[in-house]
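Written out below as structure tokens is the structure these notes cover.
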């Protein structure tokens, strides 16, 4: 049993550590403990400023005051207050970061491209994410309200135009900020503005490919993987959507250009006059659009699988050389689709469980007071997600069926090849038997001709004017040949 002095010293050392548990005690989504005893320890240096620890060293180099002895603030992002209202967007932090960056860079804001975890570990992968056009609009600001502002687009966030569009979008509920390939400076600014947890920021900057759903005090973090088909190589190029669902809006990140977000905005424009569009519904619409994008390519796999299955046994020899490559290419695509779809099941199930709990307000899981409209919206989104789950299950079953078809076609193809090889071996054996028989038949002829052709005395050499010996020799050789042919046919050697 330790003394009170030793306990106070141990807690004091814990308060000075650069990494600690990030979850507050009053967070209903995390199993936090009681930190009152830890907060009551006096800091020996209350006015010092410590550098912010981060999962990604070098990105978050801000510092903040830790005059209050709260070890939770040691790991949370600067400005991520455990005691304040993190659901409110902090535009003052946005302006402060931009002004400080401009003053540090001499009036010119220099942006550093985001480097993925794969590129940092294994070097830059050319062609994975092609260079963007400098005139590409990377930020899209959208409102789902019936009389909301039209979609606004900006090339840069850290600019007067980007700041104005962001403020206009956040002035109303139901906003959606879509970010394409953010830089580290932009990601840092957005993290401070929206109070994004450093673990979420790390996942986005590292372009984490794992599909998941995580709950944070002021938002829900959803990772969902989509794909594009390379028009030049016909390869599947996967990429990830990072969705942050706030109480009043949706913040999405992606690192590849895609028409999925445009389709979601068009769908929302068509429906917002007839129903209330919530951030959770927009997240559902985005997940639904990503899932629906699998349907055309799965149809291509189906057509290719059926074609290969029908042609595996009827193609001629000259047309069968490319069959194995077609089977391999189709099975590889089916495997890629299966891998992308399988991980979505857990994400959809987690979201359904969350909306089911919130719709019934089980144990007060929501961070805000749920009204009847909120509960109804959560229940409806859960039903929509159930439809996505049915689609994913159906597509997985179809892909499994096509894999079995391709496996059977592959087996049939190999069996056909084995049959042809057996036929070739049989034909070769018959030819070799005939050649062996003919060689056996003509060897005595060669011996007789050689003996009588020697320059020595042989029988019949003295009868130079008589051809009786010659015809007797020819007759004997002919008789030997006839006998050999007869027995060869009897024994089926020829």
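Numbering (the UniProt record's numbering), first residue to last: 1 to 494.
C-beta: ideal position from N, C-alpha, C; glycine also.
{"query": "Three CB pairs or more closer than 8 Å across the region 295-308 and the region 173-186", "result": "no"}
{"query": "Check whether residue 192 and residue 97 have beta carbons under 8 Å apart", "result": "yes"}
{"query": "Closest by C-alpha distance to residue 395, when choosing among 494, 336 and 462", "result": "336"}
{"query": "Unbroken stretches of the alpha helix (DSSP H), 4 residues or longer, contained in the region 238-295", "result": "260-271 and 279-292"}
{"query": "Candidates 156, 270, 476 and 149: closest to residue 169 by CA position", "result": "149"}
{"query": "DSSP state of residue 415 mapped onto helix, strand, coil", "result": "helix"}
{"query": "DSSP three-state assignment for residue 458, whether helix, strand or coil", "result": "coil"}
{"query": "Residue 142 in three-state terms, based on DSSP", "result": "strand"}
{"query": "Residues of its chain near residue 475, where Cβ-Cβ distance is below 8 Å and the 5 sequence neighbours each way are ignored", "result": "none"}
{"query": "CB contact flag (residue 389, residue 352, <8 Å)", "result": "yes"}
{"query": "Per-residue DSSP class, three states only, for residue 178", "result": "strand"}
{"query": "Residues sharing a beta bridge with residue 503, DSSP", "result": "Residue 503 cannot be examined here, being either before or after the span of the chain that is shown, 1 to 494."}
{"query": "8 Å Cβ cutoff met for residue 359 and residue 349", "result": "no"}
{"query": "Sub-8 Å separation of residue 233 and residue 243 beta-carbons", "result": "no"}
{"query": "Simplified DSSP assignment, three categories, for residue 193", "result": "helix"}
{"query": "Simplified DSSP state of residue 348, which is helix, strand or coil", "result": "helix"}
{"query": "Pick from 436, 223 and 257 that is closest to residue 179, judged by C-alpha positions", "result": "257"}
{"query": "Terminal residues of the beta strand (DSSP E) in which residue 478 lies", "result": "No beta strand (DSSP E) holds residue 478; the alpha helix (DSSP H) holding it covers 468-490."}
{"query": "For residue 385, three-class secondary structure by DSSP", "result": "helix"}
{"query": "Bounding residues of the beta strand (DSSP E) (the contiguous stretch that carries residue 206)", "result": "Note, residue 206: premise wrong, no beta strand (DSSP E); not H, not E."}
{"query": "For residue 246, the nearest candidate out of 228, 267 and 216 (CA to CA)", "result": "216"}
{"query": "Residues bridged to residue 420 [DSSP beta-bridge criterion]", "result": "Beta-bridge pairing links residue 420 to no other residue."}
{"query": "Residues of its chain near residue 42, where Cβ-Cβ distance is below 6 Å and the 5 sequence neighbours each way are ignored", "result": "Low confidence applies here, because residue 42 scores a pLDDT of 41, under 50, leaving its location unreliable and the question unanswered by this model."}
{"query": "Sequence-distant residues of its chain with Cβ nearer than 6 Å to residue 405 (five each side left out)", "result": "305 and 309"}
{"query": "Residue 185, DSSP secondary structure in three states", "result": "helix"}
{"query": "Beta-ladder partner(s) of residue 223, from DSSP", "result": "212 and 242"}
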